[in-house]
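Protein chains: 2
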Amino acid sequence: MQFFAQNVVILGAGLLGGSLGMAMRQRNLAAKVSVWSPSESTRAACAKTDWCGTVYSSPEEACQEADFVIFCGPVDTIPPLMKRLAPICRPDCLLTDVGSTKARICAAGDQYFSGSRKATFIGSHPMAGSEKSGLPHAEAKLFEGKTCILTPADAPLEPLRRLRSFWSALGMTLFECLPEEHDRIVAQISHLPHALAAALCANLSDHPAEWKDCAGSGLRDSSRIAAGDPRLWSAIFRENESAFRESLSNFRKALAELESALDEKGDESLLQFLTKARDYRIQLNRGNSCDE
Amino acid sequence: MQFFAQNVVILGAGLLGGSLGMAMRQRNLAAKVSVWSPSESTRAACAKTDWCGTVYSSPEEACQEADFVIFCGPVDTIPPLMKRLAPICRPDCLLTDVGSTKARICAAGDQYFSGSRKATFIGSHPMAGSEKSGLPHAEAKLFEGKTCILTPADAPLEPLRRLRSFWSALGMTLFECLPEEHDRIVAQISHLPHALAAALCANLSDHPAEWKDCAGSGLRDSSRIAAGDPRLWSAIFRENESAFRESLSNFRKALAELESALDEKGDESLLQFLTKARDYRIQLNRGNSCDE
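Each protein sequence line maps, in turn, to chains H and A. All residue numbers for the first sequence refer to the numbering used here, where the first residue is 548 and numbers rise by one. All residue numbers for the second sequence refer to the numbering used here, where the first residue is 548 and numbers rise by one.
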């Protein structure tokens, strides 16, 4: 089944929304791609692109005739937008999102888009962002070879097959789980690494400025994600607060394990800890390569 | 002043030692480069390279006629080796190292190589390693464009100028400080990031294996250094234990700051924390790019 839509609407045209528009055009996945953005300058920028057919200044107007809608704004803006669009969308419309959290978004999706006369919402999380944000960094190949997590829960089969074929058509590998499971996983593999990078940088900024002249690629790579948009990330931490706090507390335990290995006279526990870490990291290279 | 040596001896031919040999040959910095390695297989591999003139099975024999000696083995092996070589080295010999810690190594250097009739030791730390180790990963361009930290303390001017010209000839930017200061800096910018990456991976290895299928480039980049050699890193943590422990305790404070920002109802402190981190990280990109 090759994905094809007549009227796609991208709600929010930042890094992910813009890249989706480009990728859909490049792969000829839609007859028409339209955009709504709350930002006037983003709407103006979209109007100048070759992938965007119509730019709307209201999401309701944009979605009236849509058969595929993708929420691409910050995670906390998605449920209020769903509420506005639920009475508007056609029953055959499929809606999804690209948010980094899923439990609250999918609960809102269930609330606003359930019942046989309604459109269908199924959550998606393409692991394809970066520390960069905004339309100027968008690129058609952003999704290629990366993983997309779908959280279908009780979604009907036909829209789910359609959604799978969409992300597959962008070159993504699919991973499916429940929304709550998704949030526990990404808390650990994405939100925690972001928090560590941010804490590392916040901490370093209290030290003499010339220390950064000594920085090597170890520090650069391990802290790269800390350059991400604070507004996006504070919304993510809030949306996924309980799983995120749990991942922080798990991490504290791992750090305590390292410290107690240091307390021992011999190096056996220290070597064991570092070897366990290395084995995991080497294994990680064997998966498909993807960004988040 | 263009660096040039007659008889260079590399003690330990792993990633850094091997790369030094290659780079010196490529840039024609020495009449002859010799190697001693405690490993028979490394000695055999060196004998087959185009940059290695003679391979020695004893460090004493290797260093007898040397005018430039570089310790390239694990940090804890350097002081015992200095003790063996102090009675052997010619008075005009300059010795340095590539170790990731400096206080203990430079103290041993002062002990074994001080006085006007003795050779001179000055500590170096080229920030040019990676998570890879061993001769097979060595490359001539490893040092280009990166930072080398020198810790001369009371070194006489002539050998210091010679050492500066050596690392500069390899394309490195120099940074000079006291050995103890070096150790505090690298604890924070190199050893701490390594510990965080290792704790992140050790922690993740306790979670379901399929979680790694969801991993994005955020996790990959922030954990890359955790794939480093456990033996090398446990020696580094031990050698720099007090500054390393201090950096861990600093980091705990930064993490606690993030958690108390989360405890607040509003997002102001959270945004402030993430913005401070982002500003630091963006600034880091403006320095010269270098590896460690």
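Heads up, the beta-carbon is just placed ideally off N, CA and C, and yes, glycines get one too. A quick note: this is a predicted structure, and the numbers were derived from the prediction, not measured.
H/P626 to H/I617 span [Cα, whole Å]: Walking along the first sequence from the start, residue 626 of chain H turns up at place 79. Walking along the first sequence from the start, residue 617 of chain H turns up at place 70. C-alpha separation (whole angstroms): 13 Å.
Can you tell me the Cα-Cα spacing of H/S789 and H/T648, whole angstroms? Within the first sequence, the letter at position 242 stands for residue 789 of chain H. Within the first sequence, the letter at position 101 stands for residue 648 of chain H. H/S789 and H/T648 have their C-alpha atoms roughly 12 Å apart.
8 Å is my cut-off, CB to CB: does H/K823 come that close to chain A? The count along the first sequence starts at 1 and reaches residue 823 of chain H at position 276. Judged by the 8 Å Cβ criterion, H/K823 is in contact with chain A.
Give the single residue among H/S794, H/A716 and H/E686 whose Cα lies nearest to the Cα of H/H738. As a position in the first sequence, residue 738 of chain H is number 191, starting the count at 1. Measuring from the Cα of H/H738, the nearest candidate turns out to be H/S794.
State yes or no: is the C-beta of A/L707 nearer than 7 Å to some heavy atom of the ligand ZN? Ligands in the displayed structure: none, and consequently the ligand ZN is not present.
Whose C-alpha, out of A/C593, A/A633, A/S677 and A/T624, is nearest the C-alpha of A/C610? Taking the first residue of the second sequence as 1, we reach residue 610 of chain A at position 63. Nearest to A/C610 by alpha-carbon distance, out of A/C593, A/A633, A/S677 and A/T624, is A/A633.
Is H/N835 helix, strand or coil by DSSP? Here residue 835 of chain H refers to the residue found at position 288 when the first sequence is read from its first residue. The pLDDT assigned to H/N835 is 46, lower than 50, so where the model puts this residue is not dependable; a value taken from the coordinates is nonetheless given after this. Reduced to three states, the DSSP call for H/N835 is coil.
Give the secondary structure of H/P777 by DSSP, where H, G and I count as helix, E and B as strand, and everything else as coil. As a working note, residue 777 of chain H is residue 230 in the first sequence. Helix at H/P777.
One question on the structure: do A/H672 and A/I696 come within less than 8 Å of each other, judged by their Cβ atoms? Looking up residue 672 of chain A in the second sequence gives position 125. Looking up residue 696 of chain A in the second sequence gives position 149. The answer is yes: Cβ separation under 8 Å.
Quick check on the DSSP output: the alpha helix (DSSP H) that includes H/L576 runs from which residue to which? Position 29 of the first sequence, counting from 1, holds the residue named residue 576 of chain H. Element bounds for H/L576: n/a, residue is neither H nor E.
Rounded straight-line distance, which links the Cα of A/E678 to that of H/N832: Position 285 of the first sequence, counting from 1, holds the residue named residue 832 of chain H. Position 131 of the second sequence, counting from 1, holds the residue named residue 678 of chain A. Distance from the CA of H/N832 to the CA of A/E678, rounded to the nearest whole angstrom, comes to 13 Å.
Drop a sphere of 10 angstroms on the beta-carbon of A/K759, count the other beta-carbons inside from all chains shown, and report buried for 16 or more, exposed for fewer. On the second sequence, position 212 is the one that residue 759 of chain A refers to. Counting Cβ neighbours within 10 Å, A/K759 comes out buried, since at least 16 surround it.
Could you please give the first and the last residue of the uninterrupted beta strand (DSSP E) stretch that includes H/L721? Working through the first sequence from its first residue, we reach residue 721 of chain H at position 174. In the DSSP assignment, H/L721 falls within the unbroken beta strand (DSSP E) covering T720 to E723.
Within the chosen definition, does the region 586 to 606 of chain H reach the region 641 to 659 of chain H through at least 3 CB pairs nearer than 8 Å? Contact between the region 586 to 606 of chain H and the region 641 to 659 of chain H is absent, because fewer than three Cβ pairs lie under 8 Å.
Contact defined as beta carbons within less than 8 Å: I believe H/L818 pairs with A/S680. What is the distance between those atoms, to the nearest angstrom? The residue labelled residue 818 of chain H in the question sits at position 271 within the first sequence. The residue labelled residue 680 of chain A in the question sits at position 133 within the second sequence. Not confirmed; about 15 Å, so no contact.
Among the residues of its own chain, which have a CB less than 7 Å from the CB of H/V622, if the five just before and after it don't count? Numbered from 1 along the first sequence, position 75 holds the residue referred to as residue 622 of chain H. The answer, listed in chain order, is G646, S647, T648, I652, A782, I783 and E786.
How long is the line joining the alpha carbons of A/F550 and H/A824, rounded to whole angstroms? For the purposes of this step, residue 550 of chain A is taken as residue 3 along the second sequence, with counting starting at 1. For the purposes of this step, residue 824 of chain H is taken as residue 277 along the first sequence, with counting starting at 1. A/F550 and H/A824 have their C-alpha atoms spaced approximately 41 Å apart.
Taking 8 Å as the threshold, find out whether the region 550 to 568 of chain H comes into contact with the region 680 to 689 of chain H through three or more Cβ pairs. They touch, by the three-pair rule.
Limits of the beta strand (DSSP E) - the one that A/F618 falls within: In the second sequence, residue 618 of chain A corresponds to position 71, counting from 1. Note, A/F618: beta strand (DSSP E), F615 to F618.
Meets three-Cβ-pair contact criterion under 8 Å: the region 764 to 775 of chain H and the region 740 to 751 of chain A: Taking a cut-off of 8 Å on C-beta distances, the region 764 to 775 of chain H touches the region 740 to 751 of chain A, as three or more cross pairs fall below it.
Please list the terminal residues of the continuous alpha helix (DSSP H) segment that includes H/L809. As a first step, residue 809 of chain H must be located in the first sequence, where it is residue number 262. Start and end: E788 to D810.
Output the distance between the C-alpha atoms of H/M674 and H/S566, rounded to the nearest integer angstrom. Sequence index remark: in the first sequence, residue 674 of chain H carries index 127 (1-based). Sequence index remark: in the first sequence, residue 566 of chain H carries index 19 (1-based). Rounded to whole angstroms, H/M674 and H/S566 show a C-alpha spacing of 13 Å.
On the criterion of 16 or more Cβ atoms from any shown chain inside 10 Å, does A/N750 qualify as buried, or is it exposed? Reading the second sequence from its first residue, position 203 is the one you call residue 750 of chain A. Around the C-beta of A/N750, 16 or more other C-beta atoms lie within 10 Å, and the residue is accordingly described as buried.
What is the C-beta distance between A/R792 and H/L809, in whole angstroms, given that I count them as a contact (C-beta under 8 Å)? As a position in the second sequence, residue 792 of chain A is number 245, starting the count at 1. As a position in the first sequence, residue 809 of chain H is number 262, starting the count at 1. The Cβ separation is near 7 Å, so the contact holds.
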